[in-house]
Amino acid sequence: MRILITIRIALRALAKNKMRAGLTILGIVIGIAAVTTMVSVGQSASALVQSQFEALGTNVIMIFPRNRHRGGVSQSSISLTSQDSDAIVQHCPSVLASSPIVGTMGQIIYGSQNFSPRELLGVSADYLTVRNWAITRGEFFTERDIHGANKVCVVGHSIVTALFQTTNPVGEQIRIKNIPFRIVGILERKGANMVGQDQDNVVLMPYTTVRKRLQGSEFDNVGAILVSARSTNVMKEAHREIDELLTERHKIRPGDRKDYNIENTDEIARIFGMVTGTLTLMLSSIAAISLLVGGVGIMNIMLVSVTERTREIGVRMAVGVDGALGVVARQRGGDGAVLGHAPGG
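Position one of the sequence shown corresponds to residue 31 (the numbering used here), numbered consecutively onward.
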């Protein structure tokens, strides 16, 4: 019964100071909303980073060429080759699959339509395994297509939407650099990567086809090599095996800078995870300060309310009311309780 009376008194007191009570409640609401929002933003960022690296492919190791330094002099050379990619699969027990990457540029022509893909890549038959990608319609090209530099390709959904709309493009012919290519498959949707680039706006074809027919090159150099380790647990072992193999194959002497660079997606993901984790902590700390400010606001209102009733406390004590200060304190505590629960409805 006493609790109900205290609540009624608190409500009447707050009704007399609507502006003060409203501002305090607003401060608490903003603080709680800030904490919830910032934590959600941090968790969403972490989930996005994780999903983007999963879209790139699981357990992926990327190898890029670079100029070799010998005796302080930079020497340009054919750094990575498709034979390096084959050797990695053959001689590195921790490696599941490997694919050379040869990139080029060119417009797609289909009938009277033109379209510029974001990526036009030459890859091997193991590329889908490395990227953890699948074909939704048709099939991927084979080793036979690679050996023959056949004019076949696989396209992403963005290209299908732009050029073919609802028509099944498998079996259709497109032209790139005035060379006809037959579409043999459609890739499953990947969406945008972490920097907003459309991964479905891509054409894949045998790397030998790109090199021979689109680039007109007789050299065996490739732009990169993508490797998939057998599991996350052997990523470091796979990295070490690849490094030792390429050092031997490229005849790199002690003291010379290597003509390749190996990057590990797990390591990159870990760094991004640390960054997003730190960001989440910082945002949560800022939001917690907002919540603390709301709490201080409640405390100030209670203090002001008690101060305003100093005369009442004195009168009660003068006429002999037992626990006069406690009565007022309970009433002001009721004010604080009502304010504290107001944001939660």
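Just so it is clear, CB atoms sit at the ideal spot from N, CA and C, and this is done for glycine as well. Note that the coordinates shown come from a computational prediction; the quantities given were computed from them, not determined experimentally.
CB of residue i within 9 Å of CB of residue j, strictly
i: Ser112; j: Asp156; result: no
i: Gly30; j: Ile165; result: This structure leaves residue 30 out entirely; the chain is present only between 31 and 375.
i: Gly52; j: Gly325; result: no
i: Asn198; j: Arg174; result: no
Cβ shell of residue i (< 7 Å), same chain only, five flanking positions each side left out
i: Lys207; result: Gly136, Leu244
i: Pro95; result: Ser109, Leu110, Asp289, Tyr290
i: Ala127; result: Val119, Asp156, Thr159, Val160, Ser258
i: Ser104; result: Low confidence applies here, because Ser104 scores a pLDDT of 45, under 50, leaving its location unreliable and the question unanswered by this model.
i: Ser106; result: Note that Ser106 has pLDDT 47, beneath the 50 cutoff, so the model's placement of it is unreliable and the number below is only indicative. Answer for Ser106: Asn97, listed in chain order.
i: Ala179; result: Pro236, Thr238, Thr239, Lys242, Arg243
Same chain only: Cβ atoms within 6 Å of residue i, ignoring 5 sequence neighbours per side
i: Gln227; result: none
i: Ser247; result: Arg241
i: Tyr140; result: Leu193, Ile204
i: Asn263; result: none
i: Glu267; result: Ser124
i: Gly133; result: Leu151, Gly253
i: Ile282; result: Lys288
i: Asn330; result: none
For residue i, the nearest candidate out of the options (CA to CA)
i: Phe211; options: Gln229, Val240, His187; result: Val240
i: Val119; options: Leu256, Val185, Asn330, Gly325; result: Leu256
i: Glu169; options: Met235, Ile93, Asn330; result: Met235
i: Asn251; options: Lys181, Val59, Asp114; result: Asp114
i: Asn294; options: Ser261, Asp116, Met265, Ile213; result: Met265
i: Asn97; options: Asp286, Asn198, Glu267, Ser315; result: Asp286
i: Asn231; options: Thr191, Lys281, Gly52, Ile213; result: Thr191
i: Ile292; options: Asp273, Asn330, Ile319, Ile209; result: Asp273
i: Lys181; options: Ile213, Gly133, Pro284; result: Ile213
i: Thr66; options: Thr196, Ala318, Leu150; result: Ala318
i: Gln229; options: Glu149, Arg283, Thr308, Ser261; result: Glu149
Cutoff 8 Å; reference residue i; Cβ partners in own chain excluding five residues on either side
i: Ile138; result: Asn144, Phe145, Ser146, Pro147, Ile189, Leu193, Ile204, Arg205, Ile206, Val233
i: Trp163; result: Gly87, Tyr157, Leu217, Glu218, Lys220
i: Ser261; result: Asn89
With 16 other Cβ atoms within 10 Å as the buried cut-off, status of residue i
i: Thr310; result: buried
i: Asn89; result: buried
i: Val323; result: exposed
i: Met68; result: buried
i: His177; result: exposed
i: Gly102; result: Residue confidence for Gly102 is low, a pLDDT of 48 falling below 50, so the modelled location carries little weight; the figure read from the coordinates is stated next. Looking at its Cβ environment, which holds fewer than 16 other Cβ atoms inside 10 Å, Gly102 is exposed.
i: Ala254; result: buried
i: Ile58; result: buried
i: Asn223; result: exposed
i: Phe171; result: buried
i: Met312; result: exposed
i: Gln195; result: exposed
i: Gly353; result: A caution first: Gly353 carries a pLDDT of 49, below 50, which makes its placement in the model too unreliable to give a value.
i: Ile209; result: exposed
i: Ile55; result: buried
i: Ile316; result: exposed
Contact belief for residue i with residue j at Cβ below 8 Å, rounded distance in angstroms
i: Val153; j: Tyr237; result: 6 Å
i: Cys122; j: Glu271; result: 4 Å
i: His269; j: Ile131; result: Actually they do not touch by this definition, with Cβ atoms about 18 Å apart.
i: Ser258; j: Val160; result: 4 Å
i: Ala117; j: Leu275; result: 6 Å
Minimum Cβ-Cβ distance from residue i to chain C less than 9 Å
i: Gly133; result: No chain C is part of this structure, which consists of one protein chain only.
Heavy atom of the ligand PLP within 8 Å of residue i beta-carbon
i: Ser258; result: Ligands displayed in this structure: none; no statement on the ligand PLP is therefore possible.
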